[in-house]
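This report refers to the structure that appears directly beneath it.
2 protein chains.
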Amino acid sequence: MPRTGLQEPSFLVLTALAAGPLHGYAILKDVETTSCGSVRLGVGTLYGALERLAERGLVEVASEEVVDSRLRRSYRLTEDGAGVLAAEASRRQQQSAAALARLGRRGALGWTS
Amino acid sequence: MPRTGLQEPSFLVLTALAAGPLHGYAILKDVETTSCGSVRLGVGTLYGALERLAERGLVEVASEEVVDSRLRRSYRLTEDGAGVLAAEASRRQQQSAAALARLGRRGALGWTS
DNA sequence: CGAAGATACTCCTGTTGCCGAAGTATGAAC
DNA sequence: GTTCATACTTCGGCAACAGGAGTATCTTCG
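Protein chains in written order, with UniProt numbering: chain A, 1 to 113; chain B, 1 to 113.
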């Protein structure tokens, strides 16, 4: 998979949006929450990823509202985005299964020995 | 997950070695085979990754032999490496499951609509 | 025989997607 | 008034590739 595929931050952003439209900070929160605090994207990373994903047509702006004098821009996953996310998730699933299978066959998952 | 985690190429290299010691080109072959030809690592990528993984103590040189006047260096996964691979595989498994679950709940996996 | 391809590792330049942080601005809390 | 949280903008730096060329030997083929 070339680097033009999805890196983890982008993958997680798409996953967050798969549940419905969210604005920037809500995406950050979602990613952190669903990873039980183990993954925290920086805002630079988030907006950089959103821009690239938007350029690729995988996400689009759902709405822009002014809340408390602050612009709040929500994003939504496009159909293309959903397709790419599904494909990537499957790929990662397969790769993970392969790794775990081999580790199991190895008789050591890194903590039994 | 900080960038000091595993990117895909490194992850796949560790997976290849989880099955037993292999030399460079055999790793390339393994990665390509297990991905059904969809992932082909370049030699620059491979040896770069091997070097970094070795520096981190996740792999080590298993043997160096001269075959047909050619140096053949085999690498093996260390116990630490197996542990890191297991953890990473689990992480990716979870993330994939989460993404697929949300897509399912969304009623569209990108190809039903 | 010479050329091309396969095997095996070395080395290097260029690119990409973050990573981290600083900036701007407003409202809320202390 | 100060600090913190919310919300987006912007940017320099860098790690991990990605791609490819180089060196060298053996095998295969014309």
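Ideal Cβ positions, reconstructed from N, Cα and C, are used throughout, including at glycine.
Residue closest to residue i, alpha-carbon to alpha-carbon, out of the options
| i | options | result |
| --- | --- | --- |
| T34/B | R76/A, A82/A, R91/A, V66/A | R91/A |
| Y47/B | D68/B, Y25/B, V67/B, A62/B | Y25/B |
Per-residue burial, residue i [other beta carbons within 10 Å of its own, 16 or more giving buried]
| i | result |
| --- | --- |
| G81/A | buried |
| V84/B | buried |
Inter-residue Cα distance where the pair is residue i and residue j
| i | j | result |
| --- | --- | --- |
| V43/A | A86/A | 25 Å |
| residue 162/A | G104/B | No answer is possible for residue 162/A: the residues shown for chain A start at 1 and end at 113. |
| L41/B | E64/A | 42 Å |
| V67/A | G57/A | 26 Å |
| S96/B | V31/A | 13 Å |
| H23/A | C36/B | 38 Å |
| A49/B | E55/B | 10 Å |
| R70/A | E51/A | 20 Å |
| K29/B | F11/B | 15 Å |
| Q93/A | R106/B | 19 Å |
Residue i vs residue j beta-carbon contact at 7 Å
| i | j | result |
| --- | --- | --- |
| A98/B | T78/A | no |
| P21/A | T45/A | no |
| A18/A | R102/B | yes |
| V13/B | I27/B | yes |
| A89/B | L6/A | no |
| L53/B | V59/B | yes |
Beta-ladder partner(s) of residue i, from DSSP
| i | result |
| --- | --- |
| residue 114/A | Outside the displayed range of chain A (1 to 113) lies residue 114/A, so it cannot be described from this structure. |
| L22/B | Y75/B |
| R106/B | None, per the DSSP bridge assignment. |
| R70/B | V67/B |
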